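In terms of the numbering used here, the sequence shown is residues 62 to 875.
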Amino acid sequence: MNTSTAALTAPDRFEAQVDRHLLSTVGVAPADASQSDIMHAVAQVAREALSRRWVASDATDRKARARRVCYLSMEFLIGRTLGNALAALDMQGDAAAAARQHAASFEDVASTELDAALGNGGLGRLAACFLDSMATLGLPSFGYGIRYEYGMFAQAIAGGRQVEHPDPWVEDGTPWEFPRQAVAYPVRFGGWVEHPESPAAAPVWRHAGQVSAKAYDMVIPGHGTQRVSTLRLWKAVAPAQIDLHAFNSGDYQRAAEYKNQFENISWVLYPNDSTPAGRELRLRQEYFFTSASIQDIVARHLAEHGRLDNLAEQVAIHLNDTHPAIGVAELMRLLVDEQRLPWAEAWAITQQVFSYTNHTLMPEALETWPVSLIQHVLPRHLEIIFRINHEFLVMAAKARPGDDAFLRRLSLIDESGERRVRMAHLAVVGSHKINGVSALHSKLLVETIFADFAALWPERFINITNGVTPRRWLAQANPGLAGLLDRTIGSDWRLHLEQLSRLAPHAEDAAFRQEFLAVKRANKVRLADHIRTATRIVVDPDSLFDVQVKRIHEYKRQLLNVLQIVARYQAMLADPEADWVPRTAIFAGKAASSYAMAKNIIRLINDVGAVVNHDPRLGGRLKVVFVPNYGVSVAEVIMPGADVSEQISTAGTEASGTGNMKLAMNGALTVGTDDGANIEIRENVGDDNVFIFGLKTPEVEATRAAGYQPLRIYESNTKLKAVLDAIAGGSFSPDEPARYRGLVDSLLWGGDHYLLLADFDAYCEAQAKVDALYRDRDAWARKAIANVAGMGTFSSDRTIAEYAREVWKLPTDR
Ligand code: 26W
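The following block contains the structure:
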């Protein structure tokens, strides 16, 4: 009898199911299965169980005619699914046993799954955490997005520089998606609009091209519940008959061209979080997924209710930033042109249906589209936007008669140069609730970019501070700490993260502190292993692991961290015998492919590492590493192994941050500015347990207003001068001494927009305090434990409960 037959008759049902899928789905003999084969087979077992939960959730919601929330987002940074699915299904033990049966470890099996990296950074990962919490809270909910064939590029480092490789994550299929053959909607582009003579007749959009949006669903499991949620991703498919026509007449090139012209809509995620790139295609992507999603929402509503006047009672549509803001005009078009509702009634419904979250104040990331481009791609929507704007400005003029400047600032159209549609204004006017993502950010929103809107509608603007899912960022990423928590405070924290506060008294228990430090040590060994495999650099797990992981951006100030590291290097060389605290500076993050300065910063980090890591005078007491290809799975290894969390953005620039939450939750101490959610982290874990430094937001504004002169600081600060001179003079690029001249000049002569020089001394002082504390292992442990204990409020379950209550008006038991 061969092993596969033996497995089939084995008593353990789970293992038998895995072997059945190895044969029937994967197509290998169980005895010959590779780790990836086992991953696929285990995923199939989980998929079946989730599918059962799915049909049950769906039937319940339909029967109850439940109110639903639809979360529209250009990005969902899911990462791997298997571990999370098995945890939700309570099948982890079975899966580990099945892996062992095939002489593999579950970790190795799980690591063969490719990340679903359908996002750039914080906004996309937040959407993924939100799906997890919506399912866990049992909210009737849908996520809607794009099924990009190529996700976030994979980052390699060659010669110190970022190299981008394509990420064809679905090329070989994914076990997690369910193609919905029957669910497809036409999405139209271009052409012109005809206005019939009779005012009773609807305008007719004579479009120039059309693509079909096909639905691919993923199940999102809830934890501690049988409930699941759905992520529906749209793929663009060209209409087949036209394709065939050209093909049949022998014009293969034209057939392919036509196909590409439309199907390229869902090909690639724009690797860009600062400037809208590939303008027209990006706009087409936004409209494509928004239109398909809203058509789907309206069709589902009509199927369940047979009428549209109650749409706002039954659905909430949430706009994750302005990328789906064209949905405001699209819903109006569907209601007025296609469903023939009167304009005023349609507008009342639209405003009640939509809500909008802003994720950034950075002017370059606020979307505006040239009127001429919208005219070209979406002519009917432009008319609708003009009418919305007209009626809005008539209303606003009544609030402040004669104040033309007020109206110009409010207008959906920026008329200061080439006329442009301000998408944030469209989102605000079309929504009944608008929120920022941290207390500071929400305050700045109503004081700056939305001040005029807040004067008109103060009640629409609220704060909802971000959160992260403790299932992925604690239970899954940090099994060591999760186990210690379970033994110490019970296991309810997974679903009720406020329970972490019960940890606080244990900081006084010496034995507990030892256990806590032992868990951290093991996580640092795991991280050191990853670093060695990924970079061939050997780091000491007993050194202080100082972590800055996030997108590379000037405002996040990775460069300030580098300046501090170079200062430390120079100080160590000046006094090599001193008792330096050994440190490992760990960086990771991607730079947008077109963002030259960010790429140069990556190169500098690697160049500094190349010098420092091999300087024998340091005796290994300072290492600098850049971990390639930062993403969800890499973050799951880094977060648990961090001692220090670097959150050093110029005050007033980081909307919230969520990496700051993941790190603190895993016991890292924050070195941070008074920015974004750092402020609330400090409030929750205690002033004594974080290192806050530097200019605060009003001081940043005052410094700039007073005529900031970075050169003055350079000339009066010998330590900083030595650092900048070394970098500019080629100490870290001996083969090309002028390599970083431009970078240093941007600080000295280019205005140092993000005030690195102004914050340099305060930052170094904060780092000196970190060193002093790290020497006292016991004191350090107390503070790290206080961080974990104070992070209960930063669960995305709390965040989603607030959205459900204050924005979506959905019942929850929280
Ligand atoms: C137009 C292209 C584009 C794409 C993405 C512009 C802007 C974005 C986002 C605003 C970028 C982003 O991810 N923002 C981050 O959102 C997180 C979740 O709220 C916050 O924690 C971060 O502070 C914010 O930078």
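Virtual Cβ for every residue (Gly too), placed ideally from N, Cα, C. Computed from a predicted structure; not experimentally measured.
The alpha carbon of Asp-704 has as its nearest neighbour, out of Gln-314, Val-580 and Gln-619, the alpha carbon of Val-580.
Counting only the Cα atoms, Gly-713 lies some 11 Å from Lys-617.
Burial check for Glu-365: the Cβ neighbour count within 10 Å stays below 16, so the residue is exposed. Here Ala-188 is near Tyr-132, since their CB atoms are less than 8 Å apart.
Beyond the five residues adjoining it in sequence on each side, Ala-639 comes within less than 8 Å, by CB distance, of Met-633 in the same chain, given in chain order. Approximately 5 Å separates the beta-carbon atoms of Gln-96 and Thr-173; this is inside 8 Å, confirming the contact. Closest in alpha carbon position to Gln-619, among Lys-660, Pro-240, Arg-644 and Pro-300, is Lys-660. By the neighbour-count definition (other C-beta atoms within 10 Å, threshold 16), Ala-653 is a buried residue. Of the other Cβ atoms in all chains shown, 16 or more fall within 10 Å of the Cβ of Leu-396; this residue is therefore buried. In the DSSP annotation of this structure, the continuous segment of the beta strand (DSSP E) that includes Arg-293 starts and ends at 289-298. Residue state for Trp-115 is assigned as helix, using DSSP reduced to three classes. Comparing alpha-carbon positions, the option among Glu-428, Glu-697, Tyr-815 and Asn-496 lying closest to Arg-141 turns out to be Glu-697. Restricted to the stretch 294-379, the alpha helix (DSSP H) segments that are unbroken, complete and at least 4 residues in length are 301-309, 313-324, 340-366 and 372-375, listed in chain order. DSSP places Ser-433 inside the alpha helix (DSSP H), whose first and last residues are 432-438. Between the alpha carbons of Ile-699 and Ala-149 lies a gap of roughly 23 Å.
His-101 sits in a helix when the DSSP states are folded into three classes. If you draw a straight line from the Cα of Ser-166 to the Cα of Asp-155, it comes to about 12 Å. Just measuring C-alpha positions, the residue of Leu-83, Gln-153, Ala-196 and Leu-184 sitting nearest Ala-171 is Gln-153. Spanning the alpha carbons of Leu-147 and Arg-222 requires a straight line of approximately 38 Å.
By the Cβ rule, the stretch 489-498 counts as touching the stretch 516-527, because three or more pairs are nearer than 8 Å. In the structure shown, Pro-247 falls within a strand segment according to DSSP collapsed to helix, strand and coil. Here Ser-134 is actually not in contact with Val-280; their C-beta atoms are around 17 Å apart, not less than 8 Å.
In the DSSP assignment, Trp-841 falls within the unbroken alpha helix (DSSP H) covering 838-851. For Ala-178, there is no enclosing alpha helix (DSSP H); the residue is found in the beta strand (DSSP E) stretching over 177-179. Relative to the Cα of Gly-478, the nearest Cα in the group Thr-526, Phe-447 and Thr-429 belongs to Thr-429. The alpha-carbon separation between Ile-99 and Gln-216 amounts to approximately 27 Å.
Pairwise C-beta distances place the stretch 206-214 out of contact with the stretch 304-314, as fewer than three of them are shorter than 8 Å. Boundaries of the alpha helix (DSSP H) harbouring Arg-859: 857-863, taken from the DSSP string. Per DSSP, the continuous alpha helix (DSSP H) segment holding Trp-408 begins and ends at 404-414. Bounds of the alpha helix (DSSP H) holding Met-195 are 183-197. Taken from the Cβ of Leu-505, every heavy atom of ligand 1 lies 7 Å or farther away.
Boundaries of the beta strand (DSSP E) around Pro-282: 270-282. The beta carbon of Ser-492 is closer than 6 Å to those of Phe-415, Ser-416 and Tyr-417 in its chain, skipping five residues each way along the sequence. Under the 8 Å Cβ criterion, the stretch 376-394 counts as touching the stretch 445-457, having at least three qualifying pairs. For Tyr-211, no beta strand (DSSP E) segment is defined, and its DSSP state is neither H nor E. Annotation: Glu-559 to Val-272 spans about 47 Å, alpha carbon to alpha carbon.
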